[in-house]
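For reference, the structure discussed in these notes is given below.
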Amino acid sequence: MTPSPDLAPDLAPGLATAARPAPDALAAARAEIDALDDALHELVMRRAEVVARLAASRAKTGSPLRPGREAMILRRLLSRHHGPLPAEALVRVWREILASSSAQQGGFTVAAYARSPEHGRLAREHFGSLTPLRSLPTASRALAAVAAGEAQVAVLPLPEEGEAPEDAWWTSLDSPRLQVVARLPFYAPRRDGVPEALAVAPGAPDPSGADRSLLRIEAVADRSRAQLAGALTAAGLPPRLLLLRREGGVLRALAEVDGVLAEGDPRLAALAVDRALPLGFYAVPERGVIG
Ligand SMILES: O=C(O)C(=O)C[C@]1(C(=O)O)C=C[C@@H](O)C=C1
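Quick look at the structure:
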């Protein structure tokens with residue numbers, strides 16, 4: 001006779017015991033989880049109250065959104081993180097907390113030029129699942145939404161060598177009015193081949209302690225990549241990356257340099273080019289350990 005499915009565990013009692021904890025062990029684990037959830041919930045509510053007090057005080061001026069401070073918080077938590085919870089899950093939880101914390105201080109809308117679905121997902125994951133997100137068909141429309149105050153931050157694809165002219169948003173970024181303030185994703189150990197994005201917002205970002213800046217260079221006379229890199233290095237700004245575009249007799253380059261670079265920096269005066277405009281900076285993303 002074939003045993004009924006209900007009777008099957010009795011035929012392999014060892015297996016049934018291993019798969020299911022004894023009822024009292026299950027109840028005890030759940031009671032412990034309930035107590036921990038209550039403790040976590042208390043702390044999350046207390047955190048939101050501190051943010052509300054900060055918002056009500058005049059201690060903070062400027063944008064509610066502070067990507068540099070957020071990066072410092074995440075780096076600190078990642079450096080103390082251990083145990084079975086994946087670091088990516090920790091970051092996802094805190095991205096939601098930080099996004100709602102910014103929203104608590106006045107609310108914000110993201111304008112994303114989602115060139116691919118992955119770009120849209122990057123914006124959503126970074127700025128939280130509850131944040132209003134407008135998906136716009138071009139980079140210039142996303143930037144215009146921020147310039148008009150309809151959105152507080154634009155998410156745009158990371159610049160690439162040889163991109164289409166309409167995608168090369170950095171060539172016309174109206175800095176220092178709008179500046180690059182973050183690079184997305186902030187934490188991504190397993191993102192090989194997945195695109196990255198930059199966030200652009202009004203005004204200057206806060207330094208995070210480990211930052212990289214973007215600098216737009218214009219030169220009327222043609223220069224080779226090596227000549228431009230040499231000029232930057234001679235001015236104390238060795239480029240980590242240099243994108244070049246030649247359009248209408250003007251050479252435009254985008255240099256990525258270590259540290260914080262802002263208008264008035266003496267290294268800019270030492271730079272032998274026609275025009276050099278800092279476009280903002282971002283916290284160096286944490287790439288974590290792959291595995
Ligand atoms: O530190 C601040 O300025 C805050 O507003 C607090 C807080 C946070 O929740 O920790 C919220 C939003 C900012 O983007 C960064 C940090």
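Throughout the sequence shown, residue numbering follows full-length UniProt numbering, covering 1 to 291 in sequence. Cβ atoms here follow ideal geometry from the backbone N, Cα and C, with glycine treated the same way. Keep in mind it's a predicted model, so treat the numbers as computed, not measured.
Contact test: residue i Cβ vs ligand 1 heavy atom, cutoff 7 Å
i	result
residue 198	no
residue 66	yes
residue 183	no
residue 217	no
residue 152	no
residue 208	no
residue 54	yes
residue 70	yes
residue 227	no
residue 129	no
residue 33	no
residue 102	yes
residue 110	no
residue 74	no
residue 93	no
residue 179	no
Which residues DSSP lists as bridging residue i, in chain order
i	result
residue 134	111
residue 278	215
residue 105	Answer by DSSP bridge pairing: none, since residue 105 is not bridged.
residue 200	154, 180
residue 284	DSSP lists no partner for residue 284.
8 Å contact criterion, which residue i and residue j should meet: CB distance rounded
i	j	result
residue 90	residue 81	6 Å
residue 176	residue 204	7 Å
residue 169	residue 178	The Cβ separation is near 10 Å, so there is no contact.
residue 154	residue 146	5 Å
residue 285	residue 188	7 Å
residue 201	residue 65	6 Å
residue 78	residue 71	Actually they are not in contact, since the Cβ atoms of residue 78 and residue 71 sit about 10 Å apart, beyond 8 Å.
residue 270	residue 235	4 Å
Test: residue i CB closer than 8 Å to a CB of chain C
i	result
residue 140	Absence of chain C from the displayed structure is noted, only one protein chain being present.
Between the region 104-116 and the region 133-140, are three or more C-beta pairs nearer than 8 Å?
-> Proximity of the region 104-116 to the region 133-140 meets the contact definition, three or more beta-carbon pairs being nearer than 8 Å.
Is there contact here, the region 251-271 with the region 210-218, by at least three beta-carbon pairs under 8 Å?
-> The region 251-271 is in contact with the region 210-218.
Tell me, please, whether the region 194-201 touches the region 121-128 by the rule of three or more beta-carbon pairs shorter than 8 Å.
-> Touching, per the Cβ criterion.
Between the region 234-248 and the region 279-287, do three or more beta carbon pairs fall short of 8 Å?
-> With the rule of 3 Cβ pairs closer than 8 Å, the region 234-248 does not count as touching the region 279-287.
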